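Structure record follows, encoded as structure tokens.
In the UniProt record's numbering, the protein residues as written are 1 to 1006.
What follows is the structure in structure tokens.
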């Protein structure tokens, strides 16, 4: 406004220096210097005049000349804009209080500042003027200039009172009415403004100003046709500074008249206030494009509306969502509908946005909150609406699609009307599968039973029978498992399921566990005859078929079956080769057995059965009369497998060979070594018993008595009490009386801490505690058994010790036990368990080199399932991330994605989005985040991290609205993850700072 006002000033104002023309009449020609200075002053040569006036002031004795010189010196300083000019003028007033130029000084300086546009300075000097000393003409000028100075200094109310005094002045009247009208215009008093503007007669002012303001006022009064006409008239004039504002008036007028096509070019010509647009500006243009069906351009305007919290913004976000839907950008539409639904300015828009938000959440997933919660909230807010049934069905399906089967079961059991029996059947089935995968087989069985009780779909009934059988099998309820497998087999739909391929194999195993070997043989034969792609399963079926023949004394068929297993490629053949060798011993092919066992020992140097083979070889050589070879084989076993449970048995056998060959001293040496090296074992008890016979034969009973006196595990007189106490506790356990069994085993351990049955008592007690979930009580019992080298329970106990410590997330304590298990395990599954958890433990300790080494070990095992394989791959990926090897990490996460489930899959999807963002493949990165939100919504931290990536993607794609909305929601919905929130806030601040340069509605102070 300031520039517009000052442009008028030269029309009305001129420079007047009071009293200058009278000087020559007052003074004589002998005051030549003073007259010369005065001439220079009047010619605006202020610097030269000031210098002479200063000298005259100092040298003249004429008081009036001195005063006049001081006055002009100060006036020149003001006009030269010199520092201290004010002080010079104030000195003049102070030093010459009676000078006739005192009031003129105030007026001159004020008018000078007025003319140069320094209105606050002008006010300072106008305030000093004695108004009573001014003439009528001077008073008009004073009132206008003073009023205008107040107006320009923002003191509009005070300005009005002075401008009103000259509104009838021939010279200042038109200007006075113009500024009074303008003040009314700024105060939105359009009637008063129009009244004032209508009184203006000056054609130059009318030409210069009125069209613009009258156009604007007509627009604000809703007179859009008149506004358009006046604005176009004003715009037609050349070089209009208001062109941008006039375009806004025309564009918005057309908009309000719903003439959107006409509005668009004018709204596009608007350049904003000081180069910045407001959210409303973006809305008007965006909505105009929207009404024209130009959704791409509409989005480009709507998505610049950031930080909107008013009815315009709610409307904009709703229509933005509709545009996104038209463009098939559903994730973007979800965010916009959610934003519109969170505002209360329009209940209708809010309700419709809520409905669309719920529908889209169901369709594509929701990264902010669980989909079931979104739909439940809708049902709670809008009960008994026309969409209620639809939402109820979507709610059930949302639990299913988000794999929240636990929530689905709870919902349906509390609200049976929400779904059909068939749906309940499926949900119960899927919940059972979920529990089965988590290893909770008892709860899985219960859910499969619920599914079967509501069976309407024959296919899901068949599957429920199958997996119920699987659960019961793993609970060692083999009779129940058999019933369900047979019911599955009898279901006509069974043959159409993937599970049917495994039926013969599983039935065979169930019969095998029930010791019904004839049926086991029949079904294992069925399984193997069908072949299959899974070589490991085929190998295992041949092994169990061979075992079934073996245990029923059909040794030749057993040998033939073990040979079939050995003929398969790519699997561990050690067990089949060992069983085949043993079988030859039962068909009177002792030499063949010896040859096979020797071959086995050299062919399978790393097999867990090699110590068994050496032991069996030694036994067979002894039985064949090859005593020295047999004793040498026992020695080989002892030397190579010092910790094997077969070593004390080998030592017993060696002692017996010496005893039977009348080498009593050598025999005693072996028996005493067994007692020394393996106390508290059955072999030690046997060694003491046999040694007693030798001592008796040798007549050295006193030596025997002295020896056994120091053996704390030999309590000869209490032997019967030891066995009776153990058998009593064991009987309670076998009968399922768990409390009594626990009490019995604890009593035994207390009475016989080093008894013959101590190891088995500790183990059984540990199993009972573990079965009850009392793992802290089970731990010391398992540790006792694990510390006893060898023994049939040692490996299982050591595995349990590791499992319990891992369950406590105590890898520091677990690692030594895991290392022992890896080295000592005979069962491959336990060895893999040890290696996979050593991998995780070393990762926890930030030992990434060992993490990667153990991951490679795990992946080298050909028979591991996908869960363990994905664990190994995720460890490789994480270790690579920690060591900044992103290329390796990216490759590893791609491997994880192929097989992972649950949280591991969520993590892999996040990194898939992360690496695609780094490669600037923003659309593909967003697709990965959407999949993460839809399929793994329960893994909230990964979802939140994915949202930050998505926000970066959207900003890179030019969608500032999506970016800021997402980041805003991360800061409010993920507060429990402080690092994530900090990252989101930092990214949000950067984006808002950039966008605020062009959008005046954006706040950057929060």
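Think of the CB as a built atom: it goes at the ideal place given N, C-alpha and C, for glycine as much as any other residue. Small disclaimer: the values here were computed from a predicted structure and weren't measured.
- Counting contacts by CB-CB distance shorter than 8 Å, is residue 538 in contact with chain D? Of the protein chains in this structure there is only one, and it is not chain D.
- Identify the continuous alpha helix (DSSP H) that holds residue 774 and give its terminal residues. Here residue 774 belongs to no alpha helix (DSSP H), and DSSP marks it neither H nor E.
- Task: Just list the alpha helix (DSSP H) runs in the region 95–172, keeping only unbroken ones of 4 residues or longer that don't cross its boundaries, in chain order.
- Result: 102–115, 119–126, 136–152 and 156–164
- Message: Between residue 751 and the ligand MG, is there a pair consisting of the residue's CB and a ligand heavy atom that are separated by less than 7 Å?
- Response: This structure lacks the ligand MG, and indeed carries no ligand of any kind.
- CB-CB under 8 Å to residue 33, same chain, minus the five flanking residues each way: which ones, in chain order? 52, 55 and 56
- Measuring CA to CA, which of 234, 330, 350 and 327 is closest to residue 316? 350
- Message: Within 10 Å of its beta-carbon, does residue 986 have 16 or more other beta-carbons around it, so buried, or fewer, so exposed?
- Response: Classification for residue 986: exposed.
- Given 8 Å as the limit, is there contact between the region 841–854 and the region 874–892, that is, 3 or more CB pairs closer than that? yes
- Report the residue ranges of all beta strand (DSSP E) runs contained in full by the region 231–301; include only those spanning at least 3 residues, in chain order. Taken in chain order, the whole beta strand (DSSP E) runs of length 3 or more contained in the region 231–301 number zero.
- Message: Give me the DSSP bridge partner(s) of residue 999.
- Response: 277
- If you draw a straight line from the alpha carbon of residue 768 to that of residue 738, how long is it in whole angstroms? 7 Å
- Message: Less than 6 Å between C-beta atoms, sequence neighbours within five positions excluded: which residues of the same chain meet that for residue 214?
- Response: 230
- Item | Start-to-end residues for the alpha helix (DSSP H) that takes in residue 589 | Note, residue 589: premise wrong, no alpha helix (DSSP H); not H, not E.
- Task: Answer with buried or exposed for residue 106, where buried requires no fewer than 16 other C-beta atoms within 10 angstroms of its C-beta.
- Result: buried
- If you draw a straight line from the C-alpha of residue 80 to the C-alpha of residue 49, how long is it? Put simply, the backbone Cα of residue 80 is about 11 Å away from that of residue 49.
- Task: Would you kindly work out how many angstroms separate the C-alpha atoms of residue 612 and residue 736, rounded to a whole number?
- Result: 34 Å
- Could you give the residue range of the alpha helix (DSSP H) that holds residue 651? 646–660
- Query: Near residue 302, what residues of its chain come up, given a Cβ to Cβ distance below 6 Å and the 5 sequence neighbours on each side ignored?
  - Reply: 286, 316 and 320.
- Task: Kindly indicate the opening and closing residues of the alpha helix (DSSP H) around residue 52.
- Result: 46–59
- Distance between beta carbons of residue 412 and residue 422, contact taken as under 8 Å: Their Cβ separation, rounded to whole angstroms, is 12 Å, which puts residue 422 and residue 412 out of contact at 8 Å.
- Task: Quick one: using the 10 Å Cβ neighbour count with 16 as the cut-off for buried, is residue 1017 buried or exposed?
- Result: Any answer about residue 1017 is impossible in this case: the structure gives the chain only from 1 up to 1006.
- Item | residue 633 and residue 614 closer than 8 Å at C-beta | yes
- Query: Are residue 569 and residue 541 close, meaning C-beta to C-beta below 8 Å?
  - Reply: Residue 541 is positioned such that its CB atom lies no closer than 8 Å to that of residue 569.
- Task: Please state if the CB of residue 787 and the CB of residue 824 are separated by a distance shorter than 8 Å.
- Result: no
- Query: Quick one: is residue 328 buried, meaning 16 or more other Cβ sit within 10 Å of its Cβ, or exposed?
  - Reply: exposed
- Query: Are residue 650 and residue 659 closer than 8 Å when you measure CB to CB?
  - Reply: no
- May I have the straight-line CA-CA distance separating residue 732 from residue 785, to the nearest angstrom? 21 Å
- To which residues of the same chain is residue 89 closer than 7 Å at the C-beta, ignoring the five residues directly before and after it? 74, 78, 105 and 109
- Assuming residue 1045 and residue 460 form a contact by the criterion Cβ under 8 Å, report the distance between their Cβ atoms to the nearest whole angstrom. In the structure displayed, the chain extends from 1 to 1006; residue 1045 sits before or after that span and is not available.
- Enclosing alpha helix (DSSP H) for residue 221 [first to last residue]: Unbroken run through residue 221: none, as it is neither H nor E.
- Is residue 834 closer than 8 Å to residue 849 when the C-beta atoms are compared? The answer is no: Cβ separation not under 8 Å.
- Query: If you check the beta carbons only, do residue 656 and residue 646 fall under 8 Å apart?
  - Reply: no
- Proximity below 8 Å, CB of residue 585 to CB of residue 593: yes
- Query: How many angstroms separate the CA atom of residue 693 from the CA atom of residue 648?
  - Reply: 19 Å
- For residue 726 and residue 748, believed in contact at Cβ under 8 Å, the rounded distance: Between residue 748 and residue 726 a beta carbon distance of about 5 Å is seen, short of the 8 Å cut, so the two are scored as contacting.
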